[in-house]
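>
See the structure below:
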């Protein structure tokens, strides 16, 4: 589906409820599968979370997680430690190109029975669940924090718990801290100090109800919308000032764009009341790479220069996000330079209209470019891809006065 989008309004307001964090929801689903006493409220309605939930109900056979990278990592560890199961985990064409060897190697050193069906280092995986006896493992930590979290989530279910020794510069530390805090909230003891993580063993936990905070990555698109507008007042629920999510750094970053965040009980209000003063943005996003596309497009809309660093993980996401950003922003007339971990956007004052944005089967490409429709009419190809993380996005844009219509 190709969707035409435009919104010439300069003064925006809305009251929106955002679905639960995909990151928190996916971690809690793994814990709930291990400890059924956990009850979850405000679970994400994203495709990724739905796919993960369905997969956890199976103990044998083929499991297709489509494009859900988090599900691939978390399920690999979960099924490796689930005695008696025998599954094949596969996914989309792009998923079969996304590396998983570091996690598989670590699990195999712990005693896991995991085989590659096709190319070594990549899905599909054939897993025979068994009791894992090794309680200490080394893991390279500068590729994906999801490998680390995958091991942390199964750690308490192992007989002697699990020590994870991290090697190299740690990527996306807030997501590791999120995993640790969720474990602790569920009653599992753990510690993260320097380059070591230790998760204590737990046989059973007390019944608990854990509410999922709304998704800060999803909030990023409304920060972008507010920044591009002349004035805006957008209420988003359910959010907390003390958040587990790394992308909550948006509240500080978007001050550069003139967007203030008012924290109220269980919700936030984004306010834009004056023009952006900054002419250049420079950010290291190694701890929050998922908002890189949003920030880059915000700067494109405002004719600002931006330099974003710490983006090495973007090359192994749903697409090579650095190359995809360069390709699509240049369609609007921008000059963009990229390296393996950096994007540099030069100021672009005159945006081309009626550009068709390719999404590369990447939800964040569609979500990040949509706010640009406040400056120029555009279209988004494969617009339905937003369901991966934010199924209600186009409806929520309509609430803000955006015109959206399907192009036949």
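In the working numbering, the protein residues as written are 82 to 489. All residues carry an ideal CB built from backbone N, CA and C; glycine is no exception. The model shown is predicted, which means the values in this text are computed figures rather than measured ones.
1. Is it true that the stretch 118-129 meets the stretch 304-312, where meeting means three or more beta-carbon pairs spaced less than 8 Å apart?
2. Pick out whichever of 468, 451 and 471 has its Cα sitting closest to the Cα of residue 486.
3. Which residues mark the beginning and the end of the alpha helix (DSSP H) in which residue 411 is found?
4. Looking only at its own chain, which residues have a Cβ that is under 6 Å from the Cβ of residue 449, when we skip the five neighbours before and after it?
5. Apply the 10 Å Cβ neighbour rule to residue 82 and answer buried if 16 or more other Cβ atoms are within range, or exposed otherwise.
6. Tell me which residues share the same chain as residue 86 and place their Cβ nearer than 8 Å to its Cβ, disregarding the 5 neighbours each side in the sequence.
7. Judging by CA-CA distance, which residue of 129, 181 and 428 is the nearest neighbour of residue 148?
8. What are the partner residues of residue 197, as DSSP defines its beta bridges?
9. Does residue 444 pass the burial test, meaning 16 or more other C-beta atoms within 10 Å, or should it be called exposed?
10. Given residue 144, which residues of its chain have a CB within under 6 Å of its CB, disregarding the five upstream and five downstream residues?
11. With a CB to CB cut of under 6 Å and the five nearest residues on each side skipped, what residues in its chain are close to residue 281?
12. Throw me the rounded Cβ distance for the residue 418 and residue 387 pair, which I believe falls under 8 Å.
13. Hey, could you find the ends of the beta strand (DSSP E) residue 275 is sitting in?
14. From the DSSP output, in three-state form, read off residue 147 for me.
15. Where does residue 218 fall in DSSP's three states?
16. Give me the Cα-Cα distance between residue 410 and residue 425, rounded to the nearest whole angstrom.
17. Check for me: the alpha helix (DSSP H) holding residue 128 runs from which residue to which?
18. If you follow the alpha helix (DSSP H) that residue 379 is in, where does it begin and where does it stop?
19. Mapping DSSP to helix, strand and coil, what is residue 330?
20. Just how far apart, CA to CA, sit residue 307 and residue 475?
21. Can you tell me the Cβ-Cβ gap for residue 273 and residue 210, rounded? I've got them flagged as a contact below 8 Å.
22. If residue 267 and residue 112 are in contact, beta carbons under 8 Å, what's the gap, nearest whole angstrom?
23. Alpha carbons only, please: which of 263, 218 and 185 is nearest the one belonging to residue 208?
24. Count the other CB atoms, across all protein chains shown, that sit within 10 Å of the CB of residue 296; report buried if there are 16 or more and exposed otherwise.
25. What is the DSSP secondary structure of residue 465, reduced to helix, strand or coil?
26. Among 180, 465 and 163, which residue has its Cα nearest to the Cα of residue 154?
27. Let's see if you can read the secondary structure: which residues bound the beta strand (DSSP E) around residue 341?
28. Does the stretch 342-356 come into contact with the stretch 316-325, if we say contact requires no fewer than three beta-carbon pairs (one atom in each stretch) closer than 8 Å?
29. Under a three-way DSSP split, which group does residue 94 fall into?
30. Which residue or residues does DSSP assign as beta-bridge partners of residue 229?
31. Between the alpha carbons of residue 249 and residue 219, how many angstroms are there, rounded?
32. Grouping DSSP H, G and I as helix and E and B as strand, with all else coil, what is residue 474?
In short:
1. Short answer: they don't touch.
2. Looking only at 468, 451 and 471, the smallest Cα-Cα distance to residue 486 is reached by 451.
3. DSSP places residue 411 inside the alpha helix (DSSP H), whose first and last residues are 402-412.
4. Its chain contains 374, 375 and 378 as the residues whose beta carbon lies nearer than 6 Å to that of residue 449, once the 5 sequence neighbours on both sides are disregarded; these appear in chain order.
5. In the assembly as shown, residue 82 is an exposed residue. Its beta-carbon has fewer than 16 other beta-carbons within 10 Å.
6. Cβ neighbours of residue 86 beyond the five flanking positions: 451, 454, 458, 459, 460, 461, 478, 483, 484 and 485.
7. Nearest to residue 148 by alpha-carbon distance, out of 129, 181 and 428, is 129.
8. BP columns for residue 197 point to 206.
9. In this structure residue 444 is buried. Its beta-carbon is surrounded by 16 or more other beta-carbon atoms within 10 angstroms.
10. Excluding residues within five positions, the ones whose Cβ falls inside 6 Å are 136, 168 and 170.
11. So the list reads 242 and 270, once near-sequence residues are dropped.
12. About 11 Å separates the two Cβ atoms, so there is no contact after all.
13. Counting along the chain, no beta strand (DSSP E) covers residue 275, and no H or E run does either.
14. Of the three classes helix, strand and coil, the one that applies to residue 147 here is coil, per DSSP.
15. DSSP places residue 218 in the strand class (E or B) of the three-state scheme.
16. Here the alpha carbon of residue 410 sits roughly 11 Å from the alpha carbon of residue 425.
17. In this chain, the alpha helix (DSSP H) harbouring residue 128 covers 128-136.
18. Run containing residue 379: 373-383, per the alpha helix (DSSP H) assignment.
19. The three-state secondary structure of residue 330, taken from DSSP, is helix.
20. Each residue's alpha carbon lies about 16 Å from the other.
21. Not really, about 27 Å apart at Cβ, beyond 8 Å.
22. With a contact defined as Cβ atoms closer than 8 Å, residue 267 and residue 112 qualify at about 6 Å.
23. The shortest Cα separation from residue 208 among 263, 218 and 185 belongs to 185.
24. Per the 10 Å Cβ criterion, buried.
25. If DSSP states are grouped into helix, strand and coil, residue 465 belongs with the helices.
26. Nearest to residue 154 by alpha-carbon distance, out of 180, 465 and 163, is 180.
27. According to the DSSP assignment, residue 341 belongs to the beta strand (DSSP E) that extends over 340-345.
28. Counting Cβ pairs under 8 Å, three or more are found: they touch.
29. Three-state result, residue 94: strand.
30. Beta-bridge analysis with DSSP links residue 229 to no other residue.
31. Those two C-alpha atoms are separated by around 11 Å.
32. DSSP, read as helix, strand or coil, puts residue 474 in helix.
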